[in-house]
Amino acid sequence: MINSRLRRCGVAEVLLVLSIVILVVVVAVPILLIFGNAFITDDGFNLKTVIQLLSQPDTYKALKNSLVIATGVTILSTIIGVFFAWLVSRTDLPFKGTMKVLFLIPFMLPSFIGALAWKILLSPRSGYINKLFTELFGLEEPLFNIYTLTGIIVVESMYLFPFVFIQVSGAMERMDPTLEEAARISGAGLLTITRRITLPLMLPSIVAGALLVALYSLSHFGVPAILGTEVGIYNIPTKIYEKIYQSAGSFESIRTGTILSSILVSAAAVILYLQSLVLKSGRFQVISGKSMRPMLIKLRGLKIPLLILSVVYIGITVILPTVTIILVGTLKTYGLTIAPENMTINNLKYILFDWDLTKDAIWNSFYLSLAAAFVTMLVGSLISYVIVKMKVRGKFILEFLGVLPFSIPGTVIALGVILMWSGRFGINLYNTAWIIFVAYIARYMAFSLKSNSAALEQVHDSLEEAARACGAKHWQALRDIVIPLIRPGMVAAFFLIFLPALRELTTSVLLYGPHTRTLGVAIYALNEDGETVYAATLATVALVIIVLGQLLIKRVTRGKEESLGA
Amino acid sequence: MATVTLDTISKGYGRKHVLQDFSLEIRDGECFTLLGPSGCGKSVVLRMLAGFENPDDGAISIGGRQVSGRGVRSIPPEERSIGVVFQEYAVWPHMTVFENVAYPLKMQKCLQSELERRTRSVLDLVGMAALETRLPSQLSGGQQQRVALARALVSKPLVMLLDEPISNLDANLREEMRFEIRELQKETGVTILYVTHDQEVALAIADRIGVMDDRGTLRQVGTPREIYDDPVDSFVFRFMGIANFLPAVRTGRGVCLEGCDPPLESRLCDGFDTASENGPVMAGFRPFEVDMRRSGSGIQALVKRVALLGAMVDYRLEVGGSEIRIQQDTALALRSGGIYREGDHCCLVFEKLRWFDRETVESERDRQ
């Protein structure tokens, strides 16, 4: 009896159970702990204290700020993203190809480094631009105070608008031009067509991009942490951080954290649900898979002004902050004017070779990202394989669990792993690198699942079946056929995780211990401690690593395209 | 080689029953075609033989060995000694032609010299020897399918399973491949199960054909001639080609087509009485089984539409209030008084009539 049951447990069942266990341990239990901690006290289900905690002025204010910031960022990013997407894909703007690449750069720039640069430029008293203006024009007030909700919204939008830009420019390029041509034949002018035909058709893509921005902004830590906390502006993630750090993990603060986290998760779930609705509706009828040449709107006299506008925009949002970071990173002391005699290479030497704190941070980030990317890639391909390819009873459990990683913000993951791995289940990883490692796996599982399932869906079932019919056992078919064919997807998953993990801040900032600061945490902490110059130097190092990484990923993915074309 | 037996197989997905009590025997060394409309479950039969799916109930054996069935561990595909050719070729894109074809031998841990010899010889057989270092992406559809065939043949399987292997190819290539598959089978003597929805292919390639209906029931098994000429019911008759049906009744003067005056010749009426025991009947015939005459005492018809299709002429005729389709050899028509024009009257002489249950024919027509 036992024997026959064991025999029925083939490879399929083993893989399924393994996948479920991994997702349960890494994702599901931490979330359950958060909800449990938020709503269940010693007296059982308890909504009263939840409301009590939420109506405390500072929590309530954080909620309000999060909402205001997310709304503002979504609107601003959508306007910027749609406008530039239209400009590079539907008009005769000169140097469109180059401009398109340039508009994607803000994506690579970590937004908290951007925020750091803007703080250096526009903080009310010591910001370089503000100082310049008060000196030049004798102004009493600073030109612009970046430590405001508006400041946070503007800076976040600068680095989040590519979400909309990518969605919309992609859709505009794939749009069936005959739809516009039909309108034109009916006598509509080009601007009327854009307004009445093109934009409405683009609406699903626009909304999808906007929701992505909303999701990201709602749970964003870096920019509000750098620009807001100093003057008491908190959003949900920064409030959670503050609560947990100031009270050194007291029950009350953890409870507030879990309640706020529950709100974040629920909001994220709603946003993702809306997005799936939007993407399902409409879009496919008007956009064909084939790439066609849509007609372009002639800008005529506006051509040069709009080009200048685009270039200036890139200059202000990308080049100015980057240059600021690099230059300030070389200053002998913060506040000196930027001039050759005030600059030194010693800062760089100090943080790269002499200072343990920064040296450790770089090394920690490097090996944690490498390990997390590798493990997450493998686990993600295993889970994707079970979801996409296998016919096995109980798969629906895995399909449900597989959606979870997409809806969990970084702050929530950090809180979840704290609850799970601080000894509650006999294992205490707090203050070790392991807890960050576990958190990274949960945080980046969604990337891995996405990339691996996409690759697996390209591999027709019959390819694997053919191998079985040719005498290959299941594992041999996997080794000889499936894995070689999805290798590009696995490599892409690896880099999709490795690069963001290198500069991760949101999750690590809640989990680091005395010896486990990561690159992002170190930059953030240096800035908090007033070591702005060293923060900028370390940020320069981070930027160099990111650029090198991007170049590498480009080479690798180009190789992937070639092999797919073959 | 091997006999294949499916014994009272049942298979369902969720609540949907695809097959129920399905039994079939494929004889040693024959080319058996399973023919049916898409979605009828014929591919499921093939997939269960291959071991990609397991029957919910019933037993399957290949070459006398039970491979799946009640209370027995089902034998996985790799241990069944089968070769499978898929509709979508399933040639591995990351391996060369040679590597693809040699893979089954590699899995058998064949000696290198033996592996090379056998791979080359089967590549020769399918005419791909010159292209062995190519990648699949450098091959045409027909060439890829040859590679798939070679790969399925190389390990000398007991049974070859082909799932619509040529329906992705263009018409000329289809004809050529159909012929080649037949040749290969004669040369190797392997038992073949060929699954298709295309009756033309089935008729051309098979030793025996099994016709399935869209509920997964096997309606008839027989030689191509039997299936085409002596269908057991109107479903098979209709599925094997263009079919005309005219209602018939027995009157005092003999068997008459409804709305037509003269009774049918008695040589045509064999089987009418047996068929009409269960209720009213329909006469069924193919477009080629009628002769059109300019004059005579036969059944009168009116030419409604004419289309010259090249080698033949296609007519729509009205007979006693029903419409039928008749085809005539163009050359023959030109020699014997020219092609009819719309509005012409003619007189029909039937070569052969089959008798079907009227209610069934009408309900089948409604479902289409």
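Heads up: the protein sequence lines correspond to chains D and R, in order.
Residue numbers for the first sequence follow my numbering, so the first one is 676 and each next one is one higher.
Residue numbers for the second sequence follow my numbering, so the first one is 4 and each next one is one higher.
Virtual Cβ for every residue (Gly too), placed ideally from N, Cα, C.
Presumed contact (8 Å Cβ cut-off) between residue i and residue j, rounded CB distance
i: residue 1143 (chain D); j: residue 81 (chain R); result: 5 Å
i: residue 892 (chain D); j: residue 835 (chain D); result: 6 Å
i: residue 1196 (chain D); j: residue 1003 (chain D); result: With 8 Å as the limit, residue 1196 (chain D) and residue 1003 (chain D) do not qualify as a contact, their Cβ atoms being about 20 Å apart.
i: residue 217 (chain R); j: residue 40 (chain R); result: 5 Å
i: residue 1220 (chain D); j: residue 1177 (chain D); result: 6 Å
i: residue 162 (chain R); j: residue 65 (chain R); result: 6 Å
i: residue 821 (chain D); j: residue 751 (chain D); result: In fact, because the Cβ distance is near 15 Å, the residues do not count as touching under 8 Å.
i: residue 1043 (chain D); j: residue 1112 (chain D); result: 6 Å
i: residue 221 (chain R); j: residue 25 (chain R); result: 7 Å
i: residue 38 (chain R); j: residue 245 (chain R); result: Between residue 245 (chain R) and residue 38 (chain R) the Cβ distance is about 16 Å, and since that is not below 8 Å, they are no contact.
i: residue 902 (chain D); j: residue 790 (chain D); result: 5 Å
Residue i: first and last residue of the uninterrupted beta strand (DSSP E) it sits in
i: residue 712 (chain D); result: Segment 704 to 714 is the alpha helix (DSSP H) holding residue 712 (chain D); no beta strand (DSSP E) there.
i: residue 213 (chain R); result: 211 to 215
i: residue 357 (chain R); result: 357 to 360
i: residue 307 (chain R); result: 302 to 311
i: residue 61 (chain R); result: 60 to 65
i: residue 254 (chain R); result: 247 to 254
i: residue 85 (chain R); result: 85 to 88
i: residue 5 (chain R); result: It is not in any beta strand (DSSP E) - residue 5 (chain R) carries neither H nor E in the DSSP assignment.
i: residue 286 (chain R); result: 284 to 288
i: residue 947 (chain D); result: First-last for residue 947 (chain D): 926 to 955, but that is the alpha helix (DSSP H), not the beta strand (DSSP E).
i: residue 38 (chain R); result: 34 to 38
The alpha helix (DSSP H) enclosing residue i, as first and last residue numbers
i: residue 19 (chain R); result: Taken as a continuous stretch (DSSP letters only), residue 19 (chain R) belongs to no alpha helix (DSSP H), being part of the beta strand (DSSP E) at 19 to 29.
i: residue 1140 (chain D); result: 1136 to 1144
i: residue 979 (chain D); result: 978 to 989
i: residue 138 (chain R); result: Per DSSP, residue 138 (chain R) belongs to no alpha helix (DSSP H) and is neither H nor E.
i: residue 195 (chain R); result: Per DSSP, residue 195 (chain R) belongs to no alpha helix (DSSP H); it is in the beta strand (DSSP E), 194 to 199.
i: residue 1062 (chain D); result: 1031 to 1064
i: residue 840 (chain D); result: 837 to 849
i: residue 238 (chain R); result: 237 to 242
i: residue 1012 (chain D); result: From DSSP, residue 1012 (chain D) is part of no alpha helix (DSSP H); its letter is neither H nor E.
i: residue 693 (chain D); result: 686 to 698
i: residue 785 (chain D); result: Neither: residue 785 (chain D) is in no alpha helix (DSSP H) and is coded neither H nor E.
C-beta contact flag for residue i and residue j at 8 Å
i: residue 977 (chain D); j: residue 708 (chain D); result: no
i: residue 265 (chain R); j: residue 300 (chain R); result: yes
i: residue 55 (chain R); j: residue 1140 (chain D); result: yes
i: residue 918 (chain D); j: residue 904 (chain D); result: no
i: residue 1051 (chain D); j: residue 1161 (chain D); result: no
i: residue 36 (chain R); j: residue 314 (chain R); result: no
i: residue 85 (chain R); j: residue 164 (chain R); result: yes
i: residue 260 (chain R); j: residue 341 (chain R); result: no
i: residue 1194 (chain D); j: residue 1082 (chain D); result: no
i: residue 882 (chain D); j: residue 993 (chain D); result: no
i: residue 249 (chain R); j: residue 285 (chain R); result: yes
i: residue 247 (chain R); j: residue 360 (chain R); result: no
i: residue 352 (chain R); j: residue 258 (chain R); result: no
i: residue 1079 (chain D); j: residue 703 (chain D); result: yes
Residues bridged to residue i [DSSP beta-bridge criterion]
i: residue 14 (chain R); result: R:22
i: residue 79 (chain R); result: Looking at the DSSP assignment, residue 79 (chain R) forms no beta bridge with any residue, so it has no partner.
i: residue 1192 (chain D); result: Paired residues: none, contrary to the question.
i: residue 352 (chain R); result: R:294
i: residue 972 (chain D); result: D:766
i: residue 756 (chain D); result: Residue 756 (chain D) pairs with nothing; no bridge assigned.
i: residue 68 (chain R); result: R:65
i: residue 272 (chain R); result: According to DSSP, residue 272 (chain R) bridges with nothing at all.
i: residue 225 (chain R); result: R:212
i: residue 258 (chain R); result: R:253
i: residue 315 (chain R); result: R:332
i: residue 797 (chain D); result: Note: residue 797 (chain D) sits in no beta bridge, so no partner.
Beta strand (DSSP E) runs contained entirely in the stretch 317 to 345 of chain R, provided each spans 3 or more residues: DSSP assignment within the stretch 317 to 345 of chain R yields the following whole beta strand (DSSP E) runs of 3 residues or more, N-terminal first: 325 to 332.
Complete alpha helix (DSSP H) runs within the stretch 1084 to 1119 of chain D (minimum length 4 residues, chain order): List check, alpha helix (DSSP H) in window: 1085 to 1096.
Alpha helix (DSSP H) runs contained entirely in the stretch 1138 to 1189 of chain D, provided each spans 4 or more residues: DSSP runs (the alpha helix (DSSP H)) wholly in the stretch 1138 to 1189 of chain D: 1149 to 1152, 1158 to 1177 and 1183 to 1186.
Entirely enclosed alpha helix (DSSP H) segments - the stretch 93 to 165 of chain R, minimum 4 residues: If we require 4 residues or more, the alpha helix (DSSP H) runs fully inside the stretch 93 to 165 of chain R come out as 100 to 110, 115 to 128 and 144 to 156.
Continuous alpha helix (DSSP H) assignments of at least 4 residues falling wholly in the stretch 802 to 833 of chain D: Along the stretch 802 to 833 of chain D, the alpha helix (DSSP H) occurs as fully enclosed runs of 4 or more residues at 803 to 812, listed in sequence order.
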